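For reference, the structure discussed in these notes is given below.
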Amino acid sequence: MHDYLLSRRKMLMLTAASAAAGCLPRFAAAQSQTIRIGDVVDRHNPEVITENVMAKRLKETAGFDARVFPDGVLGSHTRMNEQLRNGTLEITVTNVADLEGYDKRLGLFAMPFAFPDRKSLFAAQDGALGKAYAGILDSLGFVLLGWFDSGLRSVYNRTRPIHEPGDLKGLKIRTQGNQIMIATFNQLGAQATPLDTTQIYSALQQGVVDGAENSVTFFVQQHHSEVAKYYSYTNHFFSIDPMLASKKWFGALDPKKQDAVKEAAAQAQQHERDLWLASDAKYLAEAKKNGAAFNDANLPAFQAAVKPIYTKYRANFAELGTYLPALG
Numbered sequence: 078m079h080d081y082l083l084s085r086r087k088m089l090m091l092t093a094a095s096a097a098a099g100c101l102p103r104f105a106a107a108q109s110q111t112i113r114i115g116d117v118v119d120r121h122n123p124e125v126i127t128e129n130v131m132a133k134r135l136k137e138t139a140g141f142d143a144r145v146f147p148d149g150v151l152g153s154h155t156r157m158n159e160q161l162r163n164g165t166l167e168i169t170v171t172n173v174a175d176l177e178g179y180d181k182r183l184g185l186f187a188m189p190f191a192f193p194d195r196k197s198l199f200a201a202q203d204g205a206l207g208k209a210y211a212g213i214l215d216s217l218g219f220v221l222l223g224w225f226d227s228g229l230r231s232v233y234n235r236t237r238p239i240h241e242p243g244d245l246k247g248l249k250i251r252t253q254g255n256q257i258m259i260a261t262f263n264q265l266g267a268q269a270t271p272l273d274t275t276q277i278y279s280a281l282q283q284g285v286v287d288g289a290e291n292s293v294t295f296f297v298q299q300h301h302s303e304v305a306k307y308y309s310y311t312n313h314f315f316s317i318d319p320m321l322a323s324k325k326w327f328g329a330l331d332p333k334k335q336d337a338v339k340e341a342a343a344q345a346q347q348h349e350r351d352l353w354l355a356s357d358a359k360y361l362a363e364a365k366k367n368g369a370a371f372n373d374a375n376l377p378a379f380q381a382a383v384k385p386i387y388t389k390y391r392a393n394f395a396e397l398g399t400y401l402p403a404l405g
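The numbering used here puts the sequence shown at residues 78 to 405.
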């Protein structure tokens, strides 16, 4: 992420976040009906735009003092997930890649080419697979409120267009810290390089990595298109961001308050999904205008190349593995 994250704006937000957290006991904080919603992405991202709509609704319908903290001012995904489990943060929108460490079954959504399209992905999230995920998350101290869509992830880099898996050979590609994602890029011939979101921009700029992988919206909003001009539609992962609440916090709410949170989250899920499609189209046009080059990749070749990932990891998902395609 760009160095602007260390700007005065972020410092002011961090100060506000600290003040919101305060030093009060957890029960005193619960009585104040404060909801902090933490995220790591930019305030212009569809997720954060939607979170602000949700916060406004929670204020109007249930009297919550709901506030949104973007740009990672409350910490990384991992840190905020732990805050939820400890009951010191109310809500965050995280990434499925950061949940695998709690339970291997949660890594299913991080598998390459796991779903053919958004329609089948949403059907799985809103159906039996989503319910199974919710049960696992509940046992870990989380309440699953909904699923945000952060688009299809594709490769972008400073060096060349990627058409075939072989074009990745030798390139250092930033990945998330998820073991499946790391293994996927190593399998494709790249050198997978896990880095935190906040480190990607400077790593690209300084040549620590040759490229990264994410949606078009992320590619432009995080200013990566300034230094990595080749974006190739490999469409290897869906970027899936579940909205989670602290089970400790949520369980302390009265039933009417719980219902208000669930209803606001359900509306937010649909709002964000609709917003994301328009966002990718907008930022694609902006990136092209600024000189980024886009190309289609040979998807069947990429799907064939990752079959060993299915062979290696399918057993991790136990009964949930039946929801995966027959790759491998």
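The C-beta atom is built at its ideal place from N, Cα and C for all residues, glycine as well.
Computed from a prediction, not measured in an experiment: that's the story for all the values here.
Three-state secondary structure (DSSP) at residue i?
i, result
"SER323", "strand"
"ILE217", "Before going on, a small fix: residue 217 reads as Leu here, not Ile. Coil at LEU217, not helix or strand."
"ILE250", "strand"
"VAL130", "helix"
"GLN160", "helix"
"HIS313", "strand"
"ARG144", "strand"
"THR165", "coil"
"VAL422", "Examination of residue 422 is not possible in this model, given that the chain is present from 78 through 405 alone."
"CYS100", "Unreliable positioning characterises CYS100 in this predicted model, as indicated by a pLDDT of 43, which lies under 50. A coordinate reading is not provided."
"PHE192", "coil"
"ALA257", "It is Ile, not Ala, that sits at residue 257 in the sequence shown. Helix at ILE257."
"ILE239", "coil"
"GLY207", "helix"
"ARG113", "strand"
"VAL297", "helix"
Within 10 angstroms of the Cβ of residue i, are there 16 or more other Cβ atoms? Answer buried if so, exposed if not.
i, result
"THR169", "buried"
"ASN416", "A question about residue 416 goes unanswered here, because the residues of the chain that appear run from 78 up to 405."
"SER216", "exposed"
"ASP119", "buried"
"GLN298", "buried"
"THR388", "exposed"
"PRO319", "buried"
"PRO147", "buried"
"LEU376", "exposed"
"ASN172", "buried"
"GLU167", "buried"
"ASP116", "buried"
Would you list the one or two residues that DSSP bridges to residue i?
i, result
"TYR307", "ASN234 and ALA370"
"ASN291", "SER231"
"PRO271", "THR252"
"TRP224", "PRO319"
Below 8 Å on the Cβ atoms is my contact criterion, and I expect residue i with residue j to pass it. Report the Cβ-Cβ distance as a whole number of Å.
i, j, result
"ASN312", "LEU221", "Actually they do not touch by this definition, with Cβ atoms about 25 Å apart."
"GLN264", "ALA382", "7 Å"
"THR127", "HIS348", "5 Å"
"SER292", "SER227", "6 Å"
"GLY223", "ALA322", "That belief does not hold up - the Cβ atoms of GLY223 and ALA322 are roughly 10 Å apart, past 8 Å."
>> So, does the region 352-372 touch the region 153-160, judging by three or more C-beta pairs under 8 Å?
In response: no
>> Pairs of beta-carbons, one from the region 134-142 and one from the region 286-304, closer than 8 Å: are there three or more?
In response: no
>> Under 8 Å: do the region 332-341 and the region 236-246 share three or more Cβ pairs, one atom per stretch?
In response: no
> Are the region 313-326 and the region 185-205 in contact at 8 Å, needing three or more beta carbon pairs?
Replying inline: yes
> Are the region 245-256 and the region 198-209 in contact at 8 Å, needing three or more beta carbon pairs?
Replying inline: no
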